[in-house]
Amino acid sequence: MILLSIETSCDETAVALVEATGDFPHAKYRVLGNGLLSQIDIHREFGGVFPAVAKREHAKALVPMLEKALREAGMLSEKEISLSEEIEKQLNILLEREPTLAELLIEFFKTHERPAINAIAVTNGPGLAPALWVGVNFARALSAHWNIPVIPVNHMEGHILSSVFEGDHLGTMHFPALALLISGGHTEFVLMRDFADYEKIGSTLDDAVGEAFDKTARMLGLPYPGGPEIARLAAHARAENLPPLLPPLPRPMLHTPDFNVSFSGLKTAVRTRVLDKELTDDEQAVVARDFEDAATEVLIKKATRALAHTNAQTLILGGGVTANTNIRNAFEALVAKEFPDINLHLPDRELSTDNAIMIALSGHARLAEASTNTENLVANGGLSL
Ligand code: KG4
Ligand code: ZN
Numbered sequence: 122m123i124l125l126s127i128e129t130s131c132d133e134t135a136v137a138l139v140e141a142t143g144d145f146p147h148a149k150y151r152v153l154g155n156g157l158l159s160q161i162d163i164h165r166e167f168g169g170v171f172p173a174v175a176k177r178e179h180a181k182a183l184v185p186m187l188e189k190a191l192r193e194a195g196m197l198s199e200k201e202i203s204l205s206e207e208i209e210k211q212l213n214i215l216l217e218r219e220p221t222l223a224e225l226l227i228e229f230f231k232t233h234e235r236p237a238i239n240a241i242a243v244t245n246g247p248g249l250a251p252a253l254w255v256g257v258n259f260a261r262a263l264s265a266h267w268n269i270p271v272i273p274v275n276h277m278e279g280h281i282l283s284s285v286f287e288g289d290h291l292g293t294m295h296f297p298a299l300a301l302l303i304s305g306g307h308t309e310f311v312l313m314r315d316f317a318d319y320e321k322i323g324s325t326l327d328d329a330v331g332e333a334f335d336k337t338a339r340m341l342g343l344p345y346p347g348g349p350e351i352a353r354l355a356a357h358a359r360a361e362n363l364p365p366l367l368p369p370l371p372r373p374m375l376h377t378p379d380f381n382v383s384f385s386g387l388k389t390a391v392r393t394r395v396l397d398k399e400l401t402d403d404e405q406a407v408v409a410r411d412f413e414d415a416a417t418e419v420l421i422k423k424a425t426r427a428l429a430h431t432n433a434q435t436l437i438l439g440g441g442v443t444a445n446t447n448i449r450n451a452f453e454a455l456v457a458k459e460f461p462d463i464n465l466h467l468p469d470r471e472l473s474t475d476n477a478i479m480i481a482l483s484g485h486a487r488l489a490e491a492s493t494n495t496e497n498l499v500a501n502g503g504l505s506l
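Written out as structure tokens, the structure reads:
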């Protein structure tokens, strides 16, 4: 079967076509087409993601990304199609709040044949509500015109499955598994007793770890998104072996007997070190490295505690922050040294940040939830696992 998947929860507009052969979780997957457009250059000018801007850009980019994915898959078939007045009216109502998208999509429908896809998977949360709605309404419109069922997907489940994904199949999962989700909006410890069986056992009490990277970068005058910038400076400080800040940056909640973390104290500590100072390049690099070290240590310590407490057999790291080399290395070292029997799953770098392939995987896991009745399908910015 072939899944069309759609992701618009934050600042990437993504559409993918994934073929699944066999049943979840033992299926073989083939990525047939992948359209991904990052809005980062646009958001960089504002220093962060504004929901209204993200929404506008998704509305512009969805049809081109759909075309790109279909073309890559060899499934883009041009043909003049006449739309009934009734369906055109229905599409305009569905896309009432996205007039640009309505125009582009109706034009697309009038010039292209229905592709041979079996289901549409779409992120319906968590994320920025206005951005999510564009993707959800797009999916509903495709479903209405092509008569194809829709599967709502939780973005965080997508991150989990993209970490377990090994190019054409899902890697070994022994339960219970512990998933540590680290992104721009989330820092969560999730206990999985099975696929689709989640219990959140800890989270951040304030900022998400990706947000802390982004804010620290901003304090250092670095562009959005800050994660890669901090990582780049930190690598320089390590290569040059620059001496650390004294006193060292704090490790908030390192020793609390739970699985919660907090990054606002670390952020504040960084602020007091850099406020009103003209830092040299090396001084900036030291702040970046010491921040990265502090954040890494907190995650490692809490993950160690959670692994021991839950007796997890598998550790999954998911979300955009898993692109961070220092964090990846630290987790690989932790597992090798202290939990050699545990399976560690880290996403390929290209799949660590938001994409639609992960949404297709999650859609496949939830095929039973597919429905052509999309009336009650809503975006939910605060959706949890
Ligand atoms: O999962 P994601 O693409 O979007 C959300 O769902 O939030 O994660 C984006 C976050 C941003 O905060 C970004 O700064 C961070 O991931 N990030 C990194 C790195 N690459 C991206 N953080 C640290 N080091 C990186 N190399
Ligand atoms: Zn994400």
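Start counting the sequence shown at 122; every next residue gets the next number (the numbering used here).
Backbone N, C-alpha and C define an ideal beta-carbon position, used for all residues, glycine too.
Just so we're clear, the structure is a prediction, and the values are computed from it rather than from any experiment.
- Listed in chain order, the beta strand (DSSP E) runs fully inside the segment 406-446 are 435-439, counting runs of at least 3 residues.
- Judged by DSSP secondary structure, Ala300 falls within the beta strand (DSSP E) whose first and last residues are Ala298 to Ile303.
- The C-beta distance from Leu138 to Ile123 rounds to 6 Å, short enough to meet the 8 Å contact threshold.
- Straight-line measurement puts the Cα of Arg392 at about 20 Å from the Cα of Leu363.
- Here the alpha carbon of Asn501 sits roughly 22 Å from the alpha carbon of Leu301.
- In this structure, Gly441 has its beta carbon less than 7 Å from a heavy atom of the ligand ZN.
- Per DSSP, reduced to three states, the secondary structure at Glu199 is strand.
- For Leu312, the enclosing beta strand (DSSP E) covers residues Thr308 to Asp315.
- Using a Cβ distance threshold of 8 Å, Gln211 and Ala265 count as a contacting pair.
- Between Ala252 and His179 the beta-carbon gap is near 6 Å, inside 8 Å, which marks them as a contact.
- In the DSSP assignment, His147 is bridged to no other residue.
- Going by DSSP, Gly256 is part of the alpha helix (DSSP H) stretching over Ala250 to Trp267.
- The C-beta of Ala433 has 16 or more other C-beta atoms within 10 Å across all chains shown, which makes the residue buried.
- Annotated three-state conformation of Phe460 is coil, per DSSP.
- One Cα belongs to Ala415, the other to Lys388, and the distance between them is close to 11 Å.
- Under the 10 Å beta carbon count, Pro368 is surrounded by fewer than 16 other beta carbons and is classified as exposed.
- For Pro273, there is no enclosing alpha helix (DSSP H); the residue is found in the beta strand (DSSP E) stretching over Val271 to Asn275.
- Distances from the alpha-carbon of Asn447 to those of Gly156, Ala477, Leu354 and Gly195 put Leu354 closest.
- Between the ligand ZN and Asp162, a heavy atom-to-CB distance of less than 7 Å is absent.
- Judged by DSSP secondary structure, Ile322 falls within the beta strand (DSSP E) whose first and last residues are Asp318 to Ser324.
- Spanning the alpha carbons of Leu396 and Leu341 requires a straight line of approximately 9 Å.
- Judged by the Cβ position, Pro346 qualifies as a neighbour of the ligand KG4 at the 7 Å threshold, a heavy atom of the ligand being closer than this.
- For Gly484, the enclosing alpha helix (DSSP H) stretches over residues Ile478 to Ala486.
- Ranked by Cα distance from Glu459, the first of Cys131, Ala424 and Ser492 is Ala424.
- A distance criterion of 7 Å places the beta-carbon of Asp289 beyond contact range of the ligand KG4, judged by its closest non-hydrogen atom.
- For Leu226, the three-state secondary structure derived from DSSP is helix.
- The beta carbons of Arg359 and Arg410 sit about 6 Å from each other, so the pair counts as a contact at 8 Å.
- The beta carbons of Val271 and Val243 sit about 6 Å from each other, so the pair counts as a contact at 8 Å.
- Short note on Ser304: C-beta closer than 7 Å to some heavy atom of the ligand KG4.
- Inter-residue distance for Gly323 and Ile241 is about 32 Å (C-alpha atoms, whole angstroms).
- In the pairwise beta carbon analysis, the segment 169-177 is classified as not touching the segment 201-210: fewer than three pairs are separated by under 8 Å.
- Under the DSSP assignment, Leu370 falls outside any alpha helix (DSSP H); it carries neither an H nor an E label.
- Remark: the C-beta of His276 is in contact range of the ligand ZN, defined as less than 7 Å to any heavy atom.
- Excluding the 5 residues flanking it on each side, Tyr319 has same chain C-beta neighbours closer than 7 Å at Val311, Met313 and Leu506, in chain order.
- Three or more Cβ pairs closer than 8 Å define a contact, and the segment 468-488 meets that threshold against the segment 125-132.
- Taking the C-beta atoms as reference points, Gly440 is found no nearer than 8 Å to His357.
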